[in-house]
Amino acid sequence: MGLISLIWGVVAMLWMVIALVPLLGWGNWFLIPFATLGAIIAAIGIAVTRSENRGRAKAGLVLNGIVIIVGIVRLSLGGGII
438 MGLISLIWGV
448 VAMLWMVIAL
458 VPLLGWGNWF
468 LIPFATLGAI
478 IAAIGIAVTR
488 SENRGRAKAG
498 LVLNGIVIIV
508 GIVRLSLGGG
518 II
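Using the numbering used here, you'd call the opening residue of the sequence shown number 438 and step up by one each time.
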């Protein structure tokens, strides 16, 4: 679960960079639920695995959390469209 959430977070980060381009802000409407699902997978990975193997899941949770926050801020600055 940790590796999946980490890869999910990297893909979400790349998508976020593309969605920061002007006139591509509508991609954040799809990005936020995508990153939320990645954060849920990371949370499950943290809850299920033993304490010494949680690093990837924690990194995935942080990446997806950053993407969610940046996506929400970007949508609020652009009025939800741009």
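Where a beta carbon is used, it is the ideal one built from N, C-alpha and C, also for glycine.
| query | Ordered along the chain, which non-local residues of its own chain (more than five positions away) have a Cβ less than 7 Å from that of V507? | reply | By 1-based counting over the sequence shown, the position of residue 507 is 70. Taken in chain order, the residues that qualify are M453.
| query | For L457, which residues from the same chain have a beta carbon less than 7 Å from its beta carbon, with the 5 sequence-adjacent residues on both sides left out? | reply | Taking the first residue of the sequence shown as position 1, residue 457 is located at position 20. Correct list, in chain order: R511.
| query | Near L468, which residues of its chain fall below 8 Å by C-beta distance, leaving aside the five closest residues on each side in sequence? | reply | Mapped onto the sequence shown, residue 468 falls at position 31. Counting only Cβ-Cβ distances below 8 Å, and skipping sequence neighbours, we find A449, W452, M453, A456, V504, G508.
| task | Name the residue from G516, G515, A494, G517 whose alpha carbon lies nearest to the alpha carbon of W445. | result | Working through the sequence shown from its first residue, we reach residue 445 at position 8. If we check each option's Cα against that of W445, A494 comes out closest.
| query | Beta carbon of G482, beta carbon of G439: below 8 Å? | reply | Indexing the sequence shown from 1 puts residue 482 at position 45. Indexing the sequence shown from 1 puts residue 439 at position 2. In this structure, G482 places its C-beta atom within 8 Å of the C-beta atom of G439.
| query | Sorry if obvious, but does the Cβ on V499 come closer than 7 Å to a heavy atom of the ligand FAD? | reply | With respect to the ligand FAD, the structure shown offers nothing to examine, as it has no ligands at all.
| field | Under the three-state DSSP convention, the category T473 falls into | value | Position 36 of the sequence shown holds residue 473. For T473, the three-state secondary structure derived from DSSP is helix.
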